[in-house]
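Novice: Each number in the numbering used here comes from the position in the sequence shown (counting from 1) with 562 added on. Glycine included, C-beta positions come from ideal geometry on N, C-alpha and C.
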Amino acid sequence: MSIIFLTQELENMENPKRENRERVANIVLENKKLIRYLVSITFDVDNKVSIKAAWILEWICTHHQLEYILPHLDEFTRKIELLKFDSAIRPCAKICEHLANAYFSNKDNKVKEKLTAQHINSIIETGFDWLITPQKIAVRAYTMTTLYLFGLKKSWIHPELKHLIETKIIHESKGCKARGKHILYLIEKHQKTTL
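#1: Which class does Glu734 belong to by DSSP, given the choice of helix, strand or coil?
#2: How many Å lie between Leu709 and Ile719 at the Cα?
#3: Around the Cβ of Pro653, are there at least 16 other Cβ atoms within 10 angstroms (buried) or fewer (exposed)?
#4: Does Glu768 pass the burial test, meaning 16 or more other C-beta atoms within 10 Å, or should it be called exposed?
#5: Less than 6 Å between C-beta atoms, sequence neighbours within five positions excluded: which residues of the same chain meet that for Lys739?
#6: Can you give the Cα-Cα distance for Ala616 and Val601, rounded to whole angstroms?
#7: Out of curiosity, what's the CA-to-CA distance linking Glu765 and Gln570?
#8: Verify whether the separation of the beta carbon atoms of Leu693 and Thr705 is less than 7 Å.
#9: Where do the N-terminal and C-terminal ends of the alpha helix (DSSP H) with Asp691 fall, by residue?
#10: Answer yes or no: do Ile613 and Phe647 have a C-beta to C-beta separation smaller than 7 Å?
#11: Within the continuous alpha helix (DSSP H) that includes Glu728, where are the two ends?
#12: Any idea what DSSP makes of Met706, helix, strand or coil?
#13: If you run the structure through DSSP and keep just helix, strand and coil, what is Pro653?
#14: Is the Cβ-Cβ distance between Ser667 and Thr639 less than 7 Å?
#15: Just curious, the alpha helix (DSSP H) that Tyr599 is in, first and last residue?
#16: To the nearest angstrom, report how far apart Ile589 and Leu572 are at their CA atoms.
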């Protein structure tokens, strides 16, 4: 199984329907070395097949195990800022949210061991870039949650995030407004418990 084989499988996907994503994800999971290629293709940012690779990577992280991305965290966090296509940014923003949720989970997990300060800083930096540039609602929603969670560890994040939500995001779509209000509520609640 090679990167050429995987690229062909991705190119043959007509659309992101559940059965298509599941079929290609299963091919990757049956041949685990393909995960490395999947990450590489995701960050071949000028190639539209990168969108389909991002769909599959997110499918695997969401429906199977987040641990499959862990050996590739260096590449993932170093390159997420390079993504260009909206349809590739959305699944990667969701993976970032999964990583943040796992990192702050009450249960022990491998994300807590593998996610380094450098990885976290890259996710935070890219997240703020996603919030100040034109992005789809889902990207903003996942990113606000990710930044809120990392703000539990880094005190400077919540004031910055709060400012962005109040001055920009809350004036956008209904979906952004709803998630923004929820995140503002969580920030306020957290501030009260740390006083």
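Specialist: Here's the rundown:
#1: When DSSP states are grouped into helix, strand and coil, Glu734 belongs to the coil group.
#2: Leu709 and Ile719: Cα-Cα distance of roughly 7 Å.
#3: Pro653 comes out buried.
#4: The chain is shown from 563 up to 757; residue 768 falls before or after that span and cannot be answered.
#5: If we look at Lys739 and ignore the five residues flanking it on each side, its Cβ neighbours are Ile732.
#6: One C-alpha to the other measures close to 8 Å.
#7: The first residue shown for the chain is 563 and the last is 757, placing residue 765 beyond what the model contains.
#8: Cβ atoms of Leu693 and Thr705: closer than 7 Å.
#9: First-last of the alpha helix (DSSP H) with Asp691: Ala679 to Ile694.
#10: Yes; because the gap between Cβ atoms is below 7 Å, this pair is in contact.
#11: Ile719 to Thr729 is the span of the alpha helix (DSSP H), which, as asked, contains Glu728.
#12: In the structure shown, Met706 sits in a helix (DSSP, three-state: H, G or I).
#13: In the three-state reduction of the DSSP assignment, Pro653 falls in the helix class.
#14: In this structure, Ser667 sits away from Thr639, with a CB-CB distance that is not shorter than 7 Å.
#15: Leu596 to Thr604 is the extent of the alpha helix (DSSP H) around Tyr599.
#16: Distance from the CA atom of Ile589 to the CA atom of Leu572, rounded to whole angstroms, is 11 Å.
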